[in-house]
Every structure is written in C-alpha cells, then in structure tokens.
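Just so you know, we're using full-length UniProt numbering here: the sequence shown kicks off at 1 and counts up by one.
All C-beta atoms, glycine included, are put in the ideal place defined by N, C-alpha and C.
Every value quoted in this text rests on a predicted model; they were computed, and no experiment measured them.
Have a look at the structure below, then the notes.
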Amino acid sequence: MDEGVLREVLLEELSRINRILLIPDSDSLNSASVRLECLYGHILRIHEQNVSSNIVNEEVVDTIRKLLSIVNSISEDDGFTCDSTWQLPDVIDGHRGRPKYDLPRDQLQYLIENGFTTSRICSMLCISLSTLRRRMSEYGIRVRDTYSDISDTALKDLVMEAHLSFPNAGYRFVRGWLHQRGLRIQESRIRQLMREVDPIGTNRFFRSIHRREYSVSGPQALWHLDGNHKLIRWRFVIHGAIDGFSRVVVFMNCSANNYAQTVLTLFVKAVSQFGLPARIRCDQGVENYDAAMFMLTHPLRASSINPVIVGKSVHNQRIERLWRDLFQGLLNPLNENDLFCLHYVYMNVINHHLEEWVNAWNDHRMTSCHNMSPMQMWIHGYFRLRGTSCTLAQEMFNEPVEHNYGIDWFGPLPTEVEENETNAITIPLISCPLSVASYQDLLQSFPNDHSSIMQDNSYGIDTYINVRNFVSRATI
C-alpha cells in the first residue's frame with residue numbers, strides 16, 4: 001500500500017476511534033477496543049513486512065499497543081444510568097437498614113445467559129454495579145463460568161465451517177452462529193481466529209458505512225413482511241418478516257409457491273411464537289393479502305389505527321436489508337423433471353440454511369444498536385417499557401401514524417426487476433412424476449433430509465445427479 005494512502009487510512013481510523021471514545025459509556029469502550037485491536041493487528045503485520053516504513057515504525061506500533069491496553073484496562077464505573085422508570089421491588093424481612101432488592105436468581109441468570117453485560121443489566125434493572133456484583137456473589141454466578149471450554153483447534157474448525165456456510169459473515173455473526181450451537185466464546189478468541197481464516201474479510205471495518213438511525217416505538221411496534229424472488233427461475237420463493245425495532249427475524253422460509261395462504265401460515269406461526277405485532281408493513285403483492293386481512297379483522301387490532309401499512313417494496317428496507325445477506329443461487333428450468341429433482345434435493349437444504357442464518361442473525365451483536373443482538377434488543381425493549389405510564393398497547397396501537405412510518409430512508413433498494421414486477425407473481429406448481437411406490441423407493445434410496453444430502457461433500461450435487469437418474473429410469 002502506498003504510504004500516503006496508508007497515512008490517510010491510519011489517521012481516519014484513529015480519528016473515528018477518538019470520536020467513539022468521546023461517548024462516555026461501556027458500549028463505546030467496547031467498540032473502540034474492537035477497532036483498536038483490529039487496527040493494531042493490521043499495523044503489526046505491515047511493520048513486520050516492511051521494517052523501513054516511514055509511517056509504520058516501532059514507535060507507532062508501540063503507541064497503538066499502549067492505547068489498546070489503556071482502553072481495555074479502564075474499569076467500569078460503580079455508578080449506573082437507569083434507562084427505565086421501573087425498579088425492582090424491595091424484600092421486607094423486618095431487619096433494619098435499606099431493604100434488599102427482590103432480584104430472583106432465575107431473572108439474573110436469564111439476562112447473563114442472553115449475553116447482557118453487567119453494566120447493561122444495571123441500567124435495565126436500575127441497580128448499581130456493586131449491588132449486582134453482591135447478588136451474583138450470593139448466587140454463585142460468575143460470567144467466566146458461562147464461557148465454553150473448547151480448544152483453539154476445535155474452535156478454528158467450527159469458525160471455518162461457519163465461514164464456508166456464510167462467506168460474508170463477520171466475527172459478530174460467527175459468534176451468534178456459535179452461540180446457537182450452545183457455545184459461548186470470548187469475542188477476542190473469535191476475532192483472532194477470523195483474522196486467520198478470513199484475513200481479507202476482516203478489513204470490513206475500514207469500509208464501513210454509517211447510516212442514519214432507524215427507529216420505531218419498541219418491540220412488536222412494526223413487522224416488515226416481504227418476499228424474495230431471486231430464485232423464482234427455479235420456482236423457489238423465500239418469504240420473511242423482521243421486527244423493525246429489534247431486527248429479530250420472526251420468520252423466513254423457502255416455498256415452492258407464492259400463495260397468500262403460505263404467507264399467512266408463516267405469519268400465524270410467528271405470532272404464536274413472538275406475539276401479535278401492533279402493525280405490519282408490506283408491499284402490494286397479493287401474497288400478503290391474507291396476512292393483512294388477519295391483522296385487519298383480528299379482535300385486538302380491528303379498532304387500531306393503521307394496523308396494516310401498504311406501500312411499494314422500495315419503502316420496506318428493513319426486510320430488504322436482509323436479502324443482501326442471503327447469497328444463494330442455484331440449473332435447466334424448462335424441464336419439469338429436473339425441477340422436481342431440484343426441489344426434492346434442495347428445498348430442505350435451503351430451509352435448513354435459512355434456519356441457521358436466522359438463528360445466528362438473531363443472536364449476533366450490532367455496533368449500531370449499542371452492541372446488542374436483535375434478541376437482546378427485543379428483551380431490552382420490553383424492560384425499558386416496564387413501569388411506564390403508557391402501556392405498550394396505548395403507546396403503539398392508538399398513536400396516529402403517517403404513511404411513511406417505519407421506512408429506513410438509507411436502506412438498500414430492491415433490484416429494478418423486483419420493483420417492476422406485478423403485484424401477482426404466479427409460480428407454476430411442480431408435480432411429482434413418480435408413482436407412490438416409486439416415490440417411496442426414492443425416499444429410501446436417497447433421503448432428502450439436510451444431513452444426508454450434505455454428507456456427499458459436493459453440496460448436494462451428487463445427490464441431485466443420482467435422484468435425476470432415478471427419476472429418468474422410473475419415468476421411461
């Protein structure tokens with residue numbers, strides 16, 4: 001790299017870190033620490049490769065190392081900031097002095113297991129750090145005990161597996177992917193291994209884009225629904241929905257049709273899992289009709305103001321942003337038997353991959369959201385609303401909303417093809433060319449569950465070829 005360019009990049013990153021450190025909270029310290037550690041790694045490698053550099057010399061390397069050490073060694077202030085009007089109730093035990101807060105072990109354990117930092121827990125519960133530490137000591141809870149005991153070699157293999165499955169994922173996404181597998185790993189270990197596994201991708205800090213903050217009232221205030229038709233050539237369509245406040249993906253599924261009933265089934269299942277949203281935003285596609293009618297006729301929403309906001313897909317950036325993270329592409333679309341084989345082999349594979357992606361996404365931390373994951377944002381949002389004079393229903397359901405409510409003006413736009421698509425997208429149904437007996441033989445010979453297909457080490461291609469040959473012989 002040219003030394004002039006290197007100097008500009010170095011100064012720009014240090015200036016950005018300086019601006020972050022001007023914000024006096026633990027989230028900013030964590031963000032600055034991550035950036036400094038990344039910068040230190042780059043500078044150290046440049047120095048080792050070019051000792052005679054006028055920009056990156058021993059003094060610069062040592063200065064950044066000391067700055068990183070200082071930021072990491074800053075202890076948390078014993079004071080706290082309360083972001084809720086609600087407070088823990090007192091325990092009246094008849095003893096003199098200040099009554100103890102009623103902080104159940106299960107509640108504290110729940111917050112720690114969901115990855116909340118001690119400072120964040122203090123602000124959510126409106127208690128001081130010393131109070132929290134005393135209660136953790138009483139319960140025998142230690143944060144370090146929640147980390148998994150796994151060797152660097154085994155962890156590196158898992159990080160490589162995550163990178164192969166999601167090549168564009170950063171260390172935060174990989175951390176969420178590991179957490180969903182029951183592994184809680186220190187971020188420093190994941191960052192180090194990511195630099196070894198994906199040295200080019202870890203440079204993403206230097207090309208990050210800063211966007212205007214998106215905001216709605218709280219969890220369940222607005223869900224964004226949309227469909228992705230990039231695989232429509234192969235008669236696959238992906239339907240998804242995301243909570244606008246927390247960014248929790250409430251459903252995502254690959255189907256062989258674009259029916260309104262399919263979207264409604266996914267929507268109702270999400271409602272049973274997460275609860276009924278105050279409003280939904282969707283485009284004018286007919287596949288969203290049943291979900292919209294469900295909201296408009298539901299007894300808890302029929303009297304609400306604008307329970308359904310309809311607009312162009314261009315105004316649904318919250319869900320559009322998700323499609324940029326789904327890097328899938330799969331063959332002769334004119335042959336019905338080929339399409340049947342394709343769906344037989346890959347439908348479950350795609351849905352398994354989507355399920356893994358959703359789980360990892362909901363558990364990955366975001367720098368733009370105070371270093372919290374979507375699920376943490378969801379939980380924190382409900383804690384923040386506890387004890388307020390306005391209930392969640394009063395705040396969200398009865399407030400007037402404009403047509404542009406919930407639009408992320410700086411979000412990614414859909415492709416031109418998607419925007420020009422008609423409101424009714426019809427996908428021809430794929431029929432099974434086999435008899436019932438032949439189909440049962442196919443299931444026994446070539447099971448189409450995800451684990452069986454991916455065991456052939458060819459991403460299902462060998463299985464597809466075998467299934468295609470089987471169908472060809474059976475339909476002669």
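Item: Relative to the alpha-carbon of N253, which residue among E161, E355 and L443 has its alpha-carbon at the smallest distance?; Value: E355
Item: Express the C-alpha separation of A221 and S303 in angstroms, rounding to a whole number.; Value: 16 Å
Item: Quick check on DSSP: helix, strand or coil for Y139?; Value: helix
Item: R105 to S123, Cα distance in whole Å?; Value: 17 Å
Item: Take L21 as the anchor and find which of Q192, N72 and D198 has the nearest alpha-carbon.; Value: N72
Item: What's the C-alpha gap between D174 and S438?; Value: Looking at the sequence shown, residue 174 is not Asp but Val. One C-alpha to the other measures close to 42 Å.
Item: Should the stretch 31 to 51 be regarded as contacting the stretch 186 to 200, the criterion being three or more beta carbon pairs within less than 8 Å?; Value: yes
Item: Should H179 be labelled buried (16 or more other beta-carbon atoms within 10 Å of its own) or exposed?; Value: buried
Item: Where DSSP assigns a beta bridge to R468, which residues make up the other side?; Value: Per DSSP, none; premise fails for R468.
Item: If you count every other CB in all the chains shown that lies within 10 Å of the CB of Q376, and 16 or more means buried, which is it?; Value: buried
Item: So R281 is in the beta strand (DSSP E); what residue range does that whole segment cover?; Value: I280 to C282
Item: On the three-state DSSP scale, how would you describe D226?; Value: strand
Item: Can you give me the start and stop residues for the beta strand (DSSP E) that C254 sits inside?; Value: V249 to S255
Item: Quick one: is G140 buried, meaning 16 or more other Cβ sit within 10 Å of its Cβ, or exposed?; Value: exposed
Item: Taking DSSP's pairing of strands, which residues face D90 in a bridge?; Value: Y101
Item: If the criterion is Cβ atoms closer than 8 Å, does the pair G244 and V216 meet it?; Value: yes
Item: Checking 8 Å against the spacing of the C-beta atoms, do F166 and I350 come in under that value?; Value: no
Item: Whose CA, out of R279, V286 and S246, lies closest to the CA of T262?; Value: V286
Item: Which same chain residues, not among the five before or five after I379, have their C-beta less than 7 Å away from its C-beta?; Value: N114
Item: Where does V56 fall in DSSP's three states?; Value: coil
Item: Based on DSSP bridge pairs, tell me the residues matched to V310.; Value: C282
Item: Tell whether a beta-carbon distance below 8 Å holds between V143 and I185.; Value: no
Item: Please state whether the Cβ-Cβ distance between N348 and N448 is less than 8 Å.; Value: yes
Item: Starting from the C-beta of L434, find all residues in its chain whose C-beta is less than 6 Å away, skip the five residues before and the five after it, and write them out in chain order.; Value: A474
Item: Taking just the CA atoms, how far does L183 sit from T146?; Value: 9 Å
Item: With H, G and I counted as helix, E and B as strand and the rest as coil, what does DSSP make of I430?; Value: coil
Item: On the premise that V249 lies in contact with N168, defined as a C-beta separation below 8 Å, what is that separation, rounded to the nearest angstrom?; Value: Their Cβ separation, rounded to whole angstroms, is 17 Å, which puts N168 and V249 out of contact at 8 Å.
Item: Quick one: grab the DSSP three-state call for I476.; Value: coil
Item: In the DSSP assignment, find the alpha helix (DSSP H) that holds I350 and state where it starts and stops.; Value: E336 to N362
Item: Can you tell which of L429, L132, E8 and H47 has its C-alpha closest to the C-alpha of H343?; Value: L429
Item: My output table needs one value for residue 485: the three-state DSSP class, helix, strand or coil.; Value: With the chain covering only 1 through 476, there is no way to say anything about residue 485.
Item: In whole angstroms, what is the alpha-carbon distance linking G381 and G227?; Value: 27 Å
Item: What do you get for P299, buried or exposed, if any count of 16 or more other CB atoms within 10 angstroms of its CB means buried?; Value: exposed
Item: Whose CA, out of R195, D462 and D152, lies closest to the CA of R172?; Value: R195
Item: Since S255 and P219 should fall inside the 8 Å C-beta cutoff, what is the C-beta to C-beta distance between them, to a whole number of angstroms?; Value: S255 to P219, Cβ: 27 Å. No contact.
Item: Taking P277 as the reference, which of N257, I305 and N258 has the closest Cα?; Value: I305
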